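S.K.:
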């Protein structure tokens with residue numbers, strides 16, 4: 022039996038492994054991916070950033086800003102993976118993805 026999901030946020034729907042895969046693939050081509058690759062060095066350090074204890078809301082939101090800046094480089098890439106993951110791993114057959122385009126627009 023398949024299910025609908027009527028309210029999923031793109032930032033929270035993207036697994037850290039997918040984010041890191043993008044960094045690995047584009048880490049030398051884009052500024053944000055390059056900086057994140059240098060900052061974390063590998064997937065383990067990157068994944069720890071998502072699962073560590075947060076001191077407060079501001080600290081927690083640093084992860085969202087990290088995801089938003091990376092997703093701004095290629096929204097279709099991340100949206101496609103969110104849809105595929107929902108269909109394949111969660112049996113979702115109707116998905117409404119929400120995101121703030123303002124936060125996912127490359128600066129410049």
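In the working numbering, the protein residues as written are 22 to 129. Note that the Cβ used here is the ideal one computed from N, Cα and C, for glycine as well. Bear in mind that the values here come from a model prediction, so they are computed numbers and not experimental data.
Strictly by DSSP, which residues pair up with residue 24?
M.R.: Here residue 24 is taken as the residue at index 3 of the chain shown, counted from 1. Beta-bridge pairing links residue 24 to 113.
S.K.: Taking C-alpha atoms, which residue in 123, 89, 78 lies nearest to residue 34?
M.R.: Your numbering for residue 34 matches position 13 in the chain shown. Minimum Cα distance to residue 34 is reached at 89.
S.K.: Can you give me the start and stop residues for the alpha helix (DSSP H) that residue 65 sits inside?
M.R.: Position 44 of the chain shown, counted from the first residue, corresponds to residue 65. Residues 64-72.
S.K.: Identify every residue that forms a DSSP beta bridge with residue 36.
M.R.: Against the chain shown, residue 36 aligns to sequence position 15. Answer is none; residue 36 lacks a bridge partner.
S.K.: Might you give, ordered along the chain, the residues of its own chain that have their beta carbon closer than 6 Å to the beta carbon of residue 41, omitting 5 neighbours on each side?
M.R.: Here residue 41 corresponds to residue number 20 of the chain shown, with the count starting at 1. Closer than 6 Å at the Cβ level, and outside the excluded window around residue 41, lie 64, 67.
S.K.: Hey, how far is the Cα of residue 72 from the Cα of residue 36?
M.R.: Counting from 1 along the chain shown, the entry for residue 72 is found at position 51. Counting from 1 along the chain shown, the entry for residue 36 is found at position 15. Spanning the two alpha carbons is a distance of roughly 12 Å.
S.K.: State the Cα-Cα distance for the pair residue 103 and residue 31, rounded to the nearest angstrom.
M.R.: Translated into positions along the chain shown, residue 103 becomes position 82. Translated into positions along the chain shown, residue 31 becomes position 10. Going by the C-alpha atoms only, they are around 7 Å apart.
S.K.: In this structure, does DSSP put residue 58 in helix, strand or coil?
M.R.: By 1-based counting over the chain shown, the position of residue 58 is 37. Here residue 58 sits in helix by DSSP.
S.K.: What number of angstroms, rounded off, separates the C-alpha of residue 28 from the C-alpha of residue 58?
M.R.: The count along the chain shown starts at 1 and reaches residue 28 at position 7. The count along the chain shown starts at 1 and reaches residue 58 at position 37. Each residue's Cα considered, the two are about 31 Å apart.
S.K.: Nearest by alpha-carbon distance to residue 69: which of 38, 111, 26 is it?
M.R.: Taking the first residue of the chain shown as 1, we reach residue 69 at position 48. Minimum Cα distance to residue 69 is reached at 38.
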